[in-house]
Amino acid sequence: MTLKRVAMEFGMGTDLHGMDYTKAAVRALKDALWHNSLSMADAFGFPRDAMQVEVLIGVAQPYKVDKAQVAAVLPYGSAKIIVEQGGLDIEKDNGDTTVMANAAAVVYFDIMEEV
4 MTLKRVAMEF GMGTDLHGMD YTKAAVRALK DALWHNSLSM ADAFGFPRDA
54 MQVEVLIGVA QPYKVDKAQV AAVLPYGSAK IIVEQGGLDI EKDNGDTTVM
104 ANAAAVVYFD IMEEV
């Protein structure tokens with residue numbers, strides 16, 4: 004069996020006032036997922052929990068993201084959350100900062116290769 008990538012979705016999320024990197028990351032993943040209805044599990048005859056999802060999050064301060072909260076967004080399958088330097092912090096005149104996060108959700112299934 005070999006892991007095969009079957010889908011990749013992208014999203015963007017923000018926290019406008021609270022500088023909450025987890026909130027921005029969660030919103031970015033929801034943006035990536037909620038615009039789609041992936042039916043690969045059914046098409047391949049796999050249970051939905053067989054889906055393995057690698058979530059890559061880009062934010063300016065990666066250590067401030069709670070990976071468990073990001074993983075909880077996924078409706079099924081197993082999650083691997085990777086948080087990297089990226090996104091944007093946009094400072095405002097009033098001293099507040101808007102946090103922008105980017106997300107990529109990459110979906111894999113363990114599929115037997117034909118010999």
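In terms of our numbering, the sequence shown is residues 4 to 118.
Here a beta-carbon is modelled for each residue, glycine too, at the ideal position from N, C-alpha and C.
Predicted, not measured: the structure shown is a model, and the values here were computed from it.
Tell me the DSSP secondary structure of residue i in three-state form.
i	result
M15	strand
D45	helix
A75	coil
V9	strand
D96	coil
D69	coil
D23	coil
Determine the burial state of residue i: buried for a count of at least 16 other Cβ atoms within 10 Å of its Cβ, exposed for fewer.
i	result
K7	exposed
F112	buried
G90	buried
Y24	buried
G98	exposed
What's the C-alpha gap between residue i and residue j?
i	j	result
D96	G16	21 Å
H20	M115	48 Å
G61	D45	31 Å
I93	F49	43 Å
V29	K70	9 Å
I84	L32	11 Å
Residue i bridges to which residues according to DSSP?
i	result
N105	M15, G61
M52	Before going further, note that residue 52 is Asp rather than Met in the sequence given. Paired residue(s): none; D52 is not in a bridge.
D113	L6
L32	None, per the DSSP bridge assignment.
What whole-angstrom Cβ distance do residue i and residue j have, given they're in contact under 8 Å?
i	j	result
M43	A10	6 Å
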